[in-house]
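Under the working numbering, the residues of the sequence shown are numbered 9 to 312, in order.
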Amino acid sequence: PLRPNMSDSPRRSSGDFAKKVQRQLSRGKEKVLQKLGKTVETRDSQFDHCLQQFLDQQTDGNRLYKDMRNYISAVRDMREASRRLLQSLFDAYDPGWVGEEDLGAIVEGEDLLWNDYEVKLLDQAVRTMESYVSQFPDVREKISKRGRKLVDYDSSRHHLEALQTAKKRDDVKIRKAEEEMNAAKCVYENINSELKEELPIFYDDRVGCYSSVFSSMSNLQNIFFKEMHTFTQDFQNVMKELQLQHPEKVFSVKGPHRYGSLKRRTLTSPRAWKTSFSEFHWSYNPRSSQRSSFRSPEKPGHST
Numbered sequence: 009p010l011r012p013n014m015s016d017s018p019r020r021s022s023g024d025f026a027k028k029v030q031r032q033l034s035r036g037k038e039k040v041l042q043k044l045g046k047t048v049e050t051r052d053s054q055f056d057h058c059l060q061q062f063l064d065q066q067t068d069g070n071r072l073y074k075d076m077r078n079y080i081s082a083v084r085d086m087r088e089a090s091r092r093l094l095q096s097l098f099d100a101y102d103p104g105w106v107g108e109e110d111l112g113a114i115v116e117g118e119d120l121l122w123n124d125y126e127v128k129l130l131d132q133a134v135r136t137m138e139s140y141v142s143q144f145p146d147v148r149e150k151i152s153k154r155g156r157k158l159v160d161y162d163s164s165r166h167h168l169e170a171l172q173t174a175k176k177r178d179d180v181k182i183r184k185a186e187e188e189m190n191a192a193k194c195v196y197e198n199i200n201s202e203l204k205e206e207l208p209i210f211y212d213d214r215v216g217c218y219s220s221v222f223s224s225m226s227n228l229q230n231i232f233f234k235e236m237h238t239f240t241q242d243f244q245n246v247m248k249e250l251q252l253q254h255p256e257k258v259f260s261v262k263g264p265h266r267y268g269s270l271k272r273r274t275l276t277s278p279r280a281w282k283t284s285f286s287e288f289h290w291s292y293n294p295r296s297s298q299r300s301s302f303r304s305p306e307k308p309g310h311s312t
């Protein structure tokens with residue numbers, strides 16, 4: 009059998025490297041000429057519109073993902089704060105006080121509920137959002153590739169125009185330049201057409217992503233708050249039973265008077281709190297026209 013010519017590989021590598029360097033030089037020259045106004049860049053208004061939609065989509069998606077991660081972090085912090093607070097109360101609870109076992113069950117139950125809420129948020133909301141935003145880098149890379157192929161096409165087109173308008177015409181060079189221009193045009197138009205088809209589809213994907221993510225979040229929140237309400241009711245019952253067990257032991261909150269004497273502070277009663285929350289609940293309308301005021305001032309709404 010014939011042995012492969014080992015000298016072919018270095019020669020081929022050297023040739024590929026030279027072509028790559030020449031292509032980069034041609035791209036750099038074309039960009040400089042375009043900036044100086046010496047040549048005109050090929051424009052596609054449909055692609056430009058798709059590109060702007062993608063850039064807005066990417067900004068929104070990354071922002072939502074970042075805020076969702078912050079929300080999960082806050083849930084984790086709230087779980088830890090709640091656990092530590094109730095654990096401290098349980099540790100301070102005297103063995104003779106009524107409801108000690110019930111309080112222990114509440115401490116354990118609330119911690120499990122917070123943990124379940126966090127885990128399901130990660131699984132049903134954050135993972136979906138992660139999958140969505142993870143597609144942005146690949147799309148950006150394809151857009152960048154399209155930009156490079158556009159520069160190659162413009163460069164070959166302007167090179168051909170220069171040969172065709174030269175004082176001394178060289179038909180051999182012109183034919184070669186035409187072949188190179190047609191090849192570059194074909195590559196550019198293929199990737200340009202693909203992106204004009206793919207970008208609008210990906211842009212519409214945000215609707216399904218957002219509806220899925222926030223539908224899951226709202227369902228999980230609804231379940232969480234319903235179950236937390238049960239623990240809160242049990243906790244209130246334990247505290248009421250403790251008050252009934254020791255009706256004579258009343259603590260009065262006092263604060264220093266500005267002249268140095270002690271004076272009882274006036275505190276809003278729980279009944280007043282309940283009334284104020286009820287007034288807010290009845291006055292709040294999520295479909296009110298004022299809801300648009302919550303939109304970030306620096307960013308108008310997108311048109312679909």
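Using N, Cα and C, we set each Cβ at its ideal position, and we do this for glycine too. Model, not experiment: these values are computed from the prediction.
Where residue i falls, given that 16 or more other Cβ within 10 Å makes a residue buried
i           : result
residue 65  : buried
residue 99  : exposed
residue 154 : buried
residue 162 : buried
residue 127 : exposed
residue 149 : exposed
residue 299 : Residue placement at residue 299 cannot be trusted, given a pLDDT of 48 that sits under 50; what the coordinates show is reported in the next sentence. Answer is exposed; the Cβ neighbour count stays below 16.
residue 69  : buried
residue 57  : exposed
residue 246 : buried
residue 111 : buried
residue 86  : exposed
residue 192 : buried
residue 94  : buried
residue 160 : buried
residue 185 : buried
Which of helix, strand or coil DSSP assigns to residue i
i           : result
residue 184 : helix
residue 157 : helix
residue 176 : coil
residue 128 : helix
residue 262 : strand
residue 50  : coil
residue 107 : coil
residue 7   : Here the chain covers residues 9 to 312 and nothing more, so residue 7 does not appear.
residue 256 : coil
residue 102 : coil
residue 245 : helix
Contact with chain C by residue i, beta-carbon distance below 8 Å
i           : result
residue 230 : Included in the structure is just one protein chain, with no chain C present.
Rounded C-alpha distance that separates residue i from residue j
i           : j           : result
residue 215 : residue 140 : 11 Å
residue 199 : residue 51  : 14 Å
residue 227 : residue 208 : 30 Å
residue 165 : residue 81  : 54 Å
residue 222 : residue 143 : 19 Å
residue 129 : residue 239 : 20 Å
residue 120 : residue 157 : 55 Å
residue 229 : residue 109 : 28 Å
residue 138 : residue 60  : 22 Å
residue 54  : residue 213 : 19 Å
residue 220 : residue 135 : 11 Å
residue 261 : residue 67  : 50 Å
residue 102 : residue 71  : 48 Å
residue 83  : residue 242 : 22 Å
residue 181 : residue 73  : 54 Å
residue 104 : residue 235 : 29 Å
residue 145 : residue 206 : 14 Å
residue 92  : residue 217 : 36 Å
residue 194 : residue 187 : 11 Å
residue 224 : residue 131 : 10 Å
residue 251 : residue 88  : 28 Å
residue 248 : residue 255 : 10 Å
residue 177 : residue 196 : 28 Å
residue 123 : residue 78  : 16 Å
residue 201 : residue 179 : 32 Å
residue 175 : residue 183 : 17 Å
residue 237 : residue 63  : 42 Å
Cβ separation of residue i and residue j, assumed to be a contact under 8 Å, to the nearest whole Å
i           : j           : result
residue 168 : residue 189 : 5 Å
residue 210 : residue 147 : 7 Å
residue 106 : residue 253 : 5 Å
residue 118 : residue 90  : 6 Å
residue 76  : residue 133 : 7 Å
residue 232 : residue 125 : 5 Å
residue 203 : residue 151 : 7 Å
Heavy atom of the ligand COA within 7 Å of residue i beta-carbon
i           : result
residue 178 : The model depicted lacks the ligand COA and carries no ligand whatsoever.
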